[in-house]
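Enquirer: Dropping the structure in here first, questions after.
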Amino acid sequence: MNKTRIKILIFLLVISFGPYYIYQNVLYKDARDINSEKSMLTITAENLEKKYAVNPSQTDSKYLNKTIEIEGIVSEVTDSSMVIDKKVFCKMNGKVQKTLINKPINIKGRCIGYDDLFELVKFDQCSIQQN
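Position 88 (the sequence shown) corresponds to 87 in numbering that gives the first Met the number 0; numbering is contiguous.
In structure tokens form, the structure reads like this:
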């Protein structure tokens, strides 16, 4: 009788930890750390926006979800975002200094697509590489 109870207990433990394992290791993997990744490309904000304006689907297939460095002049700044050359919107990892407006900058981030309405390429998880 004791062996049967032990087997049942082990079986119940395995069943109860299965969903936990799937939840932790399959469904919710840690987010990418874009800052530590090497960028696949360095491009100016104007050139990237031109590529998206000409053929968004082809450009998406090349750059969507990729780590890219953007070069350009800062045109707008809010607390946690900035716009480069009025072409690329960057959601920053931290606070942004207002003193960066009209200065050249190099930003690394993940391309999340093109916004047709505002005609902006959008990036998230951005960090300043050099300014």
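In this text, a Cβ means the ideal position worked out from N, Cα and C, and glycines have one as well.
My output table needs one value for Val73: the three-state DSSP class, helix, strand or coil.
Expert: Residue state, collapsed to three classes: strand.
Enquirer: Between Thr66 and Arg109, how many whole angstroms is the CB-CB distance? I'm expecting something under 8 angstroms.
Expert: The Cβ separation is near 6 angstroms, so the contact holds.
Enquirer: Considering only C-alpha positions, which residue in the set Asp84, Ser80, Asn101 is nearest to Lys94?
Expert: Of the candidates Asp84, Ser80, Asn101, the one whose C-alpha sits nearest the C-alpha of Lys94 is Ser80.
Enquirer: Assign Val53 to one of three DSSP states: helix, strand, or coil.
Expert: Three-state result, Val53: helix.
Enquirer: Following the continuous beta strand (DSSP E) through Asp123, name the residue where it begins and the one where it ends.
Expert: Start and end: 119-129.
Enquirer: Could you give the DSSP three-state label for Ser60: helix, strand or coil?
Expert: DSSP places Ser60 in helix when its eight states are reduced to three.
Enquirer: Roughly how many whole angstroms lie between the Cα atoms of Ser35 and Lys6?
Expert: The straight-line gap from Cα to Cα measures roughly 46 angstroms.
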